[in-house]
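Number of protein chains: 2
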Amino acid sequence: MNLDRCCIHTITTKPWSLNECVERYAAAGVKGISVWQNAVEGMTHTQAGELIRKNGLEVVSYVRGGFFPHTSAEERVKAIEHNKKLVEEAAALGAPLIVLVCGASPDQSLETSREQIQVGIEAVLPLAEQLNVKLAIEPLHPMYAADRSAINTLAQANDMSEAIGSSFVGVAVDVYHLWWEPNLEAEIKRCGKNGHLLAYHVCDWKVNTLDMLNDRGLMGEGCIDIKKISSWVDATGFDGYVEVEIFSNIYWQQNQQNFLNNIVKAFIEKV
Amino acid sequence: MNLDRCCIHTITTKPWSLNECVERYAAAGVKGISVWQNAVEGMTHTQAGELIRKNGLEVVSYVRGGFFPHTSAEERVKAIEHNKKLVEEAAALGAPLIVLVCGASPDQSLETSREQIQVGIEAVLPLAEQLNVKLAIEPLHPMYAADRSAINTLAQANDMSEAIGSSFVGVAVDVYHLWWEPNLEAEIKRCGKNGHLLAYHVCDWKVNTLDMLNDRGLMGEGCIDIKKISSWVDATGFDGYVEVEIFSNIYWQQNQQNFLNNIVKAFIEKV
Chain A
1 MNLDRCCIHT
11 ITTKPWSLNE
21 CVERYAAAGV
31 KGISVWQNAV
41 EGMTHTQAGE
51 LIRKNGLEVV
61 SYVRGGFFPH
71 TSAEERVKAI
81 EHNKKLVEEA
91 AALGAPLIVL
101 VCGASPDQSL
111 ETSREQIQVG
121 IEAVLPLAEQ
131 LNVKLAIEPL
141 HPMYAADRSA
151 INTLAQANDM
161 SEAIGSSFVG
171 VAVDVYHLWW
181 EPNLEAEIKR
191 CGKNGHLLAY
201 HVCDWKVNTL
211 DMLNDRGLMG
221 EGCIDIKKIS
231 SWVDATGFDG
241 YVEVEIFSNI
251 YWQQNQQNFL
261 NNIVKAFIEK
271 V
Chain B
1 MNLDRCCIHT
11 ITTKPWSLNE
21 CVERYAAAGV
31 KGISVWQNAV
41 EGMTHTQAGE
51 LIRKNGLEVV
61 SYVRGGFFPH
71 TSAEERVKAI
81 EHNKKLVEEA
91 AALGAPLIVL
101 VCGASPDQSL
111 ETSREQIQVG
121 IEAVLPLAEQ
131 LNVKLAIEPL
141 HPMYAADRSA
151 INTLAQANDM
161 SEAIGSSFVG
171 VAVDVYHLWW
181 EPNLEAEIKR
191 CGKNGHLLAY
201 HVCDWKVNTL
211 DMLNDRGLMG
221 EGCIDIKKIS
231 SWVDATGFDG
241 YVEVEIFSNI
251 YWQQNQQNFL
261 NNIVKAFIEK
271 V
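Residue numbers (the numbering used here), protein chains in the order written: chain A, 1 to 271; chain B, 1 to 271.
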């Protein structure tokens, strides 16, 4: 993939400050940055946005909102308030989009959690529309269904986006979560056709995954046919940034500049 | 669930020999045993079957065949031959069923692996029919799609069982693999209606799973609503054994008799 479409999530190079991320990404020819909440430290979101644009980078998304389901109604209200705050932060940052890790509670059914997710998104939506920040439901791999997301397939994310029916709510397609999905090509087509394909994330699935959360692979290192999925995404007309999002205890322990160089190489060759 | 329907997989109490499994299970009031290949050691399969029946237990299944997909045609032929040998062993053991962990190859698409699985099962089927051993496709959780199974939903297992269309090929429903599946109730109904629901496995999904393979929970320890899924399975008319299959580095390190006592308790209270 052409490097002009390359965006990197700050979490990918977690040891770096936002300042370092911005300078190093820009120097490597990367054009976009997705900002994790923890990366904005010691400055306001407005300042963070200025820092990024001053270095010639574009803010692609703010990560991450969600976690709407709770057995307690009070906790659900808190989650909605928290997400509203995130929308304000995203607007200050100049991020056009918030990624939603929707949440799940092990103490209730996935169906109930899904209902609470929809209620939560709809409660945040008016502010999101007002501040021009889109909300992207990220379906998470079924291995996260216990407590991270009750939305585990693109089919389910499409269902919910269609049920909500706003141009401000769509989907973040991540190859890590969805590569195994039975009707993935058709669901990507459906997502694009409805105008709901808002973001596209890449990394790889290592055949011997050592950690369920923090052992994602660099593109090309695993078993996902990323080029094929990219072709499906592009075929919908999507021409936005392709976001590299790698959580990895292994890579975080290595020299981050070398890692960045390898990301750029892999992005050009394997995405 | 009534203990009369309780079956335990030998792998659940891996530190025990088959002899110990048989004696302890029987003494605990367990009625069925599913025998893993590694448990038959120092005796023939015929002798193992006799040992089990002599102690008043029933052989429920032989575990496990499958692993059909390979990029090399030669390896695929070898896999089929291996599975034929397993069918013969199952027949000698007196097992009415072999559980198939169907396999996947990270070096080819899941679609190709699925085609090879179907070819493999159909190649083994004549011998299975001749020796009266059924073949149960076990859909595995999507986190095993890289190299363990390209069949990751009950929907896919139903599709394949229907495509093969033999009364000797069906499905093993395991709550660990399928609890998150979007249309699980409907797929269980479909499976039962077609006469394809051949086996039902239970354990639990721990919210903080430490190991992708060997950290399954005891029933009641995790977030799966096992009673609900059991009610769906029973509603199809299934009245066979309910098989406890727990891989756990944690439990394998503990006193196996205490663990067995806890399994029996959990089976009665939580299944």
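For glycine and all other residues, C-beta sits at the position ideal for the given N, C-alpha and C. Predicted model only: the values in this text are computed from it and were never measured.
Compute the beta-carbon to beta-carbon distance between residue i and residue j, rounded to the nearest angstrom, for a pair I have assumed lies under 8 Å.
{"i": "Val173/B", "j": "Ala150/B", "result": "In fact, because the Cβ distance is near 18 Å, the residues do not count as touching under 8 Å."}
{"i": "Phe168/B", "j": "Lys134/B", "result": "5 Å"}
{"i": "Cys282/B", "j": "Val244/B", "result": "An answer regarding residue 282/B cannot be provided, because it is not within the stretch 1 to 271 covered by chain B."}
{"i": "Phe247/B", "j": "Ile11/B", "result": "6 Å"}
{"i": "Met219/A", "j": "Ile229/A", "result": "Rounded, the Cβ-Cβ distance is 11 Å, inconsistent with contact."}
{"i": "Ala95/A", "j": "Val35/A", "result": "7 Å"}
{"i": "Met212/B", "j": "Met212/A", "result": "6 Å"}
Nearest-angstrom Cα distance between residue i and residue j?
{"i": "Leu110/B", "j": "Trp180/A", "result": "8 Å"}
{"i": "Val119/B", "j": "Thr46/A", "result": "59 Å"}
{"i": "Leu125/A", "j": "Leu184/B", "result": "31 Å"}
{"i": "Asn214/A", "j": "Gly49/B", "result": "45 Å"}
{"i": "Glu23/B", "j": "Pro106/A", "result": "37 Å"}
{"i": "Val77/B", "j": "Val30/A", "result": "48 Å"}
{"i": "Glu221/A", "j": "Asn2/A", "result": "19 Å"}
{"i": "Ala26/A", "j": "Thr13/A", "result": "14 Å"}
{"i": "Val175/B", "j": "Cys203/B", "result": "7 Å"}
{"i": "Ala146/A", "j": "Thr209/A", "result": "19 Å"}
{"i": "His272/A", "j": "Ala157/A", "result": "The first residue shown for chain A is 1 and the last is 271, placing residue 272/A beyond what the model contains."}
{"i": "Arg64/B", "j": "Leu100/B", "result": "6 Å"}
{"i": "Lys270/A", "j": "Ile263/B", "result": "47 Å"}
{"i": "Ser17/A", "j": "Gly170/A", "result": "30 Å"}
{"i": "Ser231/A", "j": "Gly195/A", "result": "17 Å"}
{"i": "Met143/B", "j": "Glu75/A", "result": "30 Å"}
{"i": "Met160/A", "j": "Pro182/B", "result": "13 Å"}
{"i": "Ile121/A", "j": "Gly66/A", "result": "8 Å"}
{"i": "Gly217/B", "j": "Trp205/B", "result": "6 Å"}
{"i": "Asn152/A", "j": "Lys54/B", "result": "47 Å"}
{"i": "Glu88/B", "j": "Gly56/B", "result": "23 Å"}
{"i": "His201/B", "j": "Pro15/A", "result": "43 Å"}
{"i": "Ala163/B", "j": "Pro139/B", "result": "15 Å"}
{"i": "Glu187/B", "j": "Glu187/A", "result": "20 Å"}
{"i": "Gln288/A", "j": "Leu127/A", "result": "Since the first and last residues shown for chain A are 1 and 271, residue 288/A lies out of range."}
{"i": "Arg148/A", "j": "Lys84/A", "result": "19 Å"}
{"i": "Asn261/B", "j": "Ile268/B", "result": "11 Å"}
{"i": "Asn19/A", "j": "Gln108/B", "result": "41 Å"}
{"i": "Ala266/B", "j": "Asn38/A", "result": "42 Å"}
Taking residue i as part of the alpha helix (DSSP H), name the residues at either end of that continuous run.
{"i": "Ala172/A", "result": "Taken as a continuous stretch (DSSP letters only), Ala172/A belongs to no alpha helix (DSSP H), being part of the beta strand (DSSP E) at Val169 to Asp174."}
{"i": "Cys21/B", "result": "Leu18 to Ala27"}
{"i": "Gly32/A", "result": "That residue, Gly32/A, is in no alpha helix (DSSP H); its beta strand (DSSP E) goes Gly32 to Trp36."}
{"i": "Ala100/A", "result": "The question names Ala, yet the displayed sequence has Leu at residue 100/A. Careful: Leu100/A lies outside any alpha helix (DSSP H), inside the beta strand (DSSP E) at Leu97 to Val101."}
{"i": "Leu210/A", "result": "From DSSP, Leu210/A is part of no alpha helix (DSSP H); its letter is neither H nor E."}
{"i": "Cys191/B", "result": "Leu184 to Lys193"}
{"i": "Ile229/B", "result": "Ile226 to Ala235"}
{"i": "Val124/B", "result": "Leu110 to Gln130"}
{"i": "His45/B", "result": "His45 to Lys54"}
{"i": "Ile164/B", "result": "Leu154 to Ile164"}
Chain A partners of residue i, CB-CB under 7 Å?
{"i": "Cys223/B", "result": "Pro106 and Ala146"}
{"i": "Leu154/B", "result": "Result: empty, since nearest Cβ-Cβ is about 11 Å, beyond 7 Å."}
{"i": "Leu110/B", "result": "Trp180"}
{"i": "Trp205/B", "result": "Ala146"}
Measuring CB to CB, does residue i end up less than 8 Å from residue j?
{"i": "Tyr251/B", "j": "Phe238/B", "result": "no"}
{"i": "Leu131/A", "j": "Ala91/A", "result": "yes"}
{"i": "Ser97/B", "j": "Ser72/B", "result": "Before going on, a small fix: residue 97/B reads as Leu here, not Ser. No."}
{"i": "Val59/A", "j": "Leu86/A", "result": "no"}
{"i": "Cys102/A", "j": "Ile137/A", "result": "yes"}
{"i": "His141/B", "j": "His177/B", "result": "yes"}
{"i": "Val242/B", "j": "Cys223/B", "result": "no"}
{"i": "Ser113/A", "j": "Ala104/A", "result": "yes"}
{"i": "Ile33/B", "j": "Phe68/B", "result": "no"}
{"i": "Thr236/A", "j": "Gly165/A", "result": "no"}
Please compile the residues from chain A whose C-beta is within a distance smaller than 8 Å of the C-beta of residue i.
{"i": "Met143/B", "result": "His141, Pro142, Met143, Thr209 and Met212"}
May I ask which residues mark the beginning and end of the beta strand (DSSP E) holding residue i?
{"i": "Tyr200/A", "result": "Leu197 to Val202"}
{"i": "Gly65/A", "result": "Glu58 to Gly66"}
{"i": "Ile80/A", "result": "Looking at the DSSP string, Ile80/A is not in any beta strand (DSSP E); the run it does join, the alpha helix (DSSP H), is Ala73 to Leu93."}
{"i": "Ile137/A", "result": "Lys134 to Ile137"}
{"i": "Glu269/A", "result": "Here Glu269/A belongs to no beta strand (DSSP E); instead the alpha helix (DSSP H) covers Gln256 to Lys270."}
{"i": "Ile8/A", "result": "Cys6 to His9"}
Report yes if the C-beta of residue i is less than 7 Å from at least one heavy atom of the ligand FMN; otherwise report no.
{"i": "Val119/B", "result": "Absence of the ligand FMN from the depicted structure is noted, as is the absence of any ligand whatsoever, leaving it without description."}
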